[in-house]
Amino acid sequence: MIDINDLTEIFTYIDDENTGEIDIIDIAFAIEYFMSVDNNEDVLKNVQEICSCTNYDIDGKIDLSQFLNFMHIYFNADLEDYNSIIFYAADQDFSGTLNKNELKSLLKQEVNFNFVKRYLAATAIMIKYGNKGELSHENFLELAELFQGGALEDEIQKL
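Sequential numbering of the sequence shown, starting at 1, is according to the UniProt record's numbering.
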């Protein structure tokens, strides 16, 4: 895991105009230069993929908080898996699990959930994982697959 203090220093260095914001090209530069990642084309592709799955590409700029979350996604998520990116984007405390507040926030934000799916998702999660208080990356991906495969209602009946 990359240290938050190191990432804060990197952000401050890149934000040479002290605007409190950097852009996508700056993020790719930070990953390549400071993290010793060599392939510019792959880095930019991965940065763009994360931006397409999150709200970070709305105005083309991100602040320090978004940068820290972005790097958490970049270095932990399977960047080929939309659901993995979404999980780590929702993991605001960088714990590797989603607590009830993070999950609630995700269900409110996620544009691919309509009202019924949100209701079913919340019900399934409360039933299956409510006692633990947190949802792991593995469990999140399992539930996401149920949503996408249309098997959620069957799974709820099994619980």
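Beta carbons are placed, not taken as given, at the ideal position from N, Cα and C, and that holds for glycine.
For Thr19, there is no enclosing alpha helix (DSSP H), as DSSP marks it with neither H nor E.
Taking C-beta atoms as the reference points, Leu135 and Leu107 fail to come closer than 9 Å. For the pair of segments examined, the segment 28-36 was found to touch the segment 3-16: the number of CB pairs separated by less than 8 Å reaches three.
In this structure, Asp42 sits away from His72, with a CB-CB distance that is not shorter than 9 Å. Going by DSSP, Ser65 is part of no beta strand (DSSP E) but of the alpha helix (DSSP H) stretching over Leu64 to Asn76. Ser95 sits in coil when the DSSP states are folded into three classes, being neither helix nor strand.
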